[in-house]
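Heads up: the protein sequence lines correspond to chains V and C, in order.
Basically the working numbering = 1-based index in the first sequence + 295.
Basically the working numbering = 1-based index in the second sequence + 159.
Idealized CB from N, CA, C, for every residue including glycine.
Values in this document were obtained by computation on a predicted structure and should not be read as measured data.
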Amino acid sequence: MTTLAEISAADRSQAASPREVSRARAVRRFRWSILAPLIALFAFVVVPVLFLQLYFSFHQWTVYLGTWWDAEFVGLDLFQEVFTDPRFGWAVVRSLVFSIGSTVGCFVIGFALAYLMHKPFRGQAVYYILFILPMLTVPIVVAYTAEMMLYQSGPVNDVISRITGIEFKPAWLTNPNFALTAVMLLEIWNWTPFSFIIMLAGLSAIPKEPIEAAEILGASRWRIFWEVQLPLLRPVIMLALVLRFLEAMAEFPKTWALFQGGPGSATETLPVYIFLTTWQYFQVSKGAAMCYLVMMLMIAIVLVAIKLLQREKRALDAMYAKPAERA
Amino acid sequence: MTKSRRRRISAIVRYTVLTVWALIAFFPIYWIVATSFKIDTQWFAWPPVYVPNPPTLANYLNVWLGKEEYTTTQYAISSQKPLYSLRNSIVIATTSTLLAVVFGSVIAYGVSRYRILSDARMFQLLMLRMIPPIVVVAPLSLYYSALGLLDTMSGLILIYFVTSLPYAVWMAKSFIDEVPREIEQAAELLGASRWRTIFEIVLPLVRSGLVATFLFILILTWSEYLLAFILTKTEVTTLPIELSKYQGSTEGRVYGRQAALAVGITVPLMIVGLAIRRHLARGFSFGMVRR
């Protein structure tokens, strides 16, 4: 059954006045003129680059070949080469270990710090500033600082030896067993502030009523944390984990400047291996095929991430909308 | 009584944990600043020198002003020009960031009020940022060399503009969403054009938010390494690249000099970052988390 309102709405749209038609046209023109630069960027930057990448992953080309449109079509050979390359497989494993390890590390420390700091106390502002400083150093500076601190008789080992009283001398920069851990620790040092500020913002935004209610009902702080605060924080937690993981997958400056993939191939993560293949071994086509596979992998991960973020953003928007309605 | 005691214990635990992490967070920063004031025999001495003694300005004078007269050892630096890269860095970072914020905020307004991009499209825009740049930088450098954009400032500005646009749109949108629509409707009734409404009413209202967006993206473009590393050769160098190339001609490790350069790169970043510290969470989460 059609209601009266619907009929009148249909009526209005059929017999739109010339003024409304011109208004609708103006709005449409306005929308397109805002969109135009964005479309131009995609058409002239993003699309050609993706096309070139696709071209090189199906054509064998090296820098010695002069013009790149002379490259020979080789079908799926390059992909086969990549798939049968054990170094590529190890790079994937290393990248995942590095990203998951550093994401969890950042999150656990960042969340713990945020939890200790979400209620006001004396000195809070000072701690806040000290905690976000690592995030405000340039990654390449972090790499060189690490080099200055992590050599075998350097300050880090010296301080640990003095505190514990044990001779503590791992060769962080030359021992292949420690190298990836060293980069991971650097990443954690560098980006714990990220998890910290996100979790702190989340903790200070969750409504207080459920927690107070639980306190009145006599729940222990432990139960309040697990059963009230944690579920309320889920969107923020997802956000902190997903965004950090994606950034860690792309980490290049620290790994490269400190190790160039070495010692041996201990720190050869995906970005480093792609870089070596393309710019050190000059296997541009193999590199392109590798990039294509990694891009597909990342797009798959990002699509899952976006699904998660989309859901969590709705939850967050609802959370931020509430206080405004109450006011 | 037990309650006040428990509270005191929890306060002690809190201060201990926070102080330990504060030391861990601050020690490397202290170390690089200290190293920049050390004379060359203390750069990698054993045992490590914790306080530069005597402190010296030689590293800064050498790196930033090219003066060599203060040290005993000659560390001739191979054809580096930090002041030139400083100028490059400033021009590239500010121009690309400004472009991103101007276009980004207009797009953000369109999304917020006219929904020119659906929610799904907005998330697809994030892909520009979420796909690691390493996977597209090889074809990009070939494309750039065909266009003559390789090793030019415009090339870097263009690509930084593209990669920071998602941050700009999302962050600006989170600010514009907070502006009540009634003001624009009033402006429209008074006969203001749509473009005038944007530039003279809405954007000025979120001015402080846009400044925060600008400074936030400036942090990202200022410290970017990979794209600058691959898309520049000799004509253009940004400061992070300058640092990575900085080596002595006879001795590879010139820690004091590198530290002086590194401090110069980092200090402006820290000032900017601390100035917008309340907005960092919003920036890094694409405006999804607010305070």
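For chain V, is any of its Cβ atoms less than 8 Å away from the one on residue i?
i: C:Y302; result: yes
i: C:R246; result: no
i: C:A345; result: no
i: C:R166; result: no
i: C:Q417; result: yes
i: C:M429; result: yes
i: C:F443; result: yes
i: C:T194; result: yes
i: C:S323; result: no
i: C:M312; result: no
i: C:L390; result: no
i: C:I290; result: yes
i: C:T253; result: no
Going by other Cβ atoms of all chains shown within 10 Å of its Cβ, with 16 needed for buried, is residue i buried or exposed?
i: C:D278; result: exposed
i: C:S169; result: exposed
i: V:V451; result: buried
i: V:R539; result: buried
i: C:R416; result: buried
i: V:Q348; result: buried
i: C:A418; result: buried
i: V:L512; result: exposed
i: C:F262; result: buried
i: C:R353; result: buried
i: C:L349; result: exposed
i: V:F346; result: exposed
i: V:L525; result: exposed
i: V:E563; result: buried
i: C:A434; result: exposed
i: C:F334; result: buried
i: V:G418; result: exposed
i: V:Q578; result: buried
Please name the residue, chosen from the options, that lies closest to residue i on a Cα-to-Cα basis.
i: C:V222; options: C:S444, C:H438, C:L439 and C:E401; result: C:E401
i: V:R529; options: V:L611, V:F378 and V:A438; result: V:L611
i: V:F368; options: V:F351, V:E376, V:G384 and V:T362; result: V:F351
i: V:A496; options: C:H438, C:L379, C:F185 and C:R353; result: C:H438
i: V:L447; options: C:G263, C:F186, C:Y273 and C:A204; result: The identity of residue 447 of chain V in the sequence shown is Gln, whereas the question assumes Leu. Nearest C-alpha to V:Q447: C:A204.
i: C:I318; options: C:Y219, C:M330, C:P292 and C:T356; result: C:P292
i: V:W385; options: V:A477, V:W574, V:A508 and V:G556; result: V:G556
i: V:M590; options: V:A441, V:K503 and V:V387; result: V:V387
i: C:E383; options: C:L428, C:Q344, C:P187 and C:Y414; result: C:L428
i: V:A509; options: V:L565, V:V523 and V:A474; result: V:V523
i: V:M443; options: C:S195, C:V179, C:A181 and C:I430; result: C:S195
i: V:K602; options: C:I335, C:M286, C:I249 and C:V179; result: C:M286
i: V:R389; options: V:A616, V:Q578 and V:A545; result: V:A545
i: V:C586; options: C:T396, C:I290, C:Y326 and C:R436; result: C:I290
i: V:V599; options: C:A259, C:G307, C:F282 and C:I251; result: C:F282
Where does residue i fall in DSSP's three states?
i: V:Q447; result: coil
i: C:F358; result: helix
i: V:F368; result: strand
i: C:H438; result: helix
i: V:Q555; result: coil
i: V:Q578; result: coil
i: C:S237; result: Only weak support is given to the placement of C:S237: the predicted model assigns it a pLDDT of 48, under 50, and the value that follows is read from those uncertain coordinates. Looking at C:S237 - three-state DSSP - the assignment turns out to be coil, as it is neither helix nor strand.
Does residue i have its Cβ less than 8 Å from a Cβ in chain C?
i: V:Q605; result: yes
i: V:Q555; result: no
i: V:Q578; result: no
i: V:K503; result: no
i: V:S397; result: no
i: V:P381; result: no
i: V:D365; result: no
i: V:M479; result: no
i: V:F351; result: yes
i: V:R518; result: no
i: V:I458; result: no
Closer than 7 Å: is that where the CB of residue i sits relative to any heavy atom of the ligand ATP?
i: V:V537; result: Looking for the ligand ATP in the displayed structure turns up nothing, as the structure carries no ligands at all.
Worksheet item: Taking one C-beta from the segment 365-376 of chain C and one from the segment 297-306 of chain C each time, how about it: are there three or more such pairs within less than 8 Å?
Response: no
Practice prompt. Take every Cβ of the segment 407-415 of chain V, pair it with every Cβ of the segment 390-405 of chain C, and state whether three or more of those distances are shorter than 8 Å.
Written response: Segments in contact, no.
Worksheet item: Are at least three pairs of beta-carbons, each pair with one atom in the segment 453-466 of chain V and one in the segment 375-392 of chain V, less than 8 Å apart?
Response: Touching, no, given that fewer than three Cβ pairs across the two stretches are closer than 8 Å.
Worksheet item: Do the segment 383-399 of chain C and the segment 441-449 of chain C touch if we need at least three Cβ pairs shorter than 8 Å?
Response: no
Worksheet item: Within the chosen definition, does the segment 262-277 of chain C reach the segment 565-580 of chain V through at least 3 CB pairs nearer than 8 Å?
Response: Segments in contact, no.
Practice prompt. Indicate whether the contact test is met: 3 or more Cβ pairs, each with one atom in the segment 171-180 of chain C and one in the segment 313-329 of chain C, closer than 8 Å.
Written response: Taking 8 Å as the limit for Cβ pairs, the verdict is that the segment 313-329 of chain C does not touch the segment 171-180 of chain C.
Worksheet item: Taking one C-beta from the segment 474-491 of chain V and one from the segment 388-402 of chain V each time, how about it: are there three or more such pairs within less than 8 Å?
Response: When C-beta atoms of the segment 474-491 of chain V are compared with those of the segment 388-402 of chain V, three or more pairs fall below 8 Å, so the two segments count as touching.
Item to complete: Evaluate the contact criterion for the segment 203-217 of chain C versus the segment 335-344 of chain C: three or more CB pairs, one atom per stretch, below 8 Å.
Response: no
Practice prompt. Decide if the segment 460-467 of chain V is in contact with the segment 534-551 of chain V; the criterion is three or more beta carbon pairs, one per stretch, under 8 Å apart.
Written response: no
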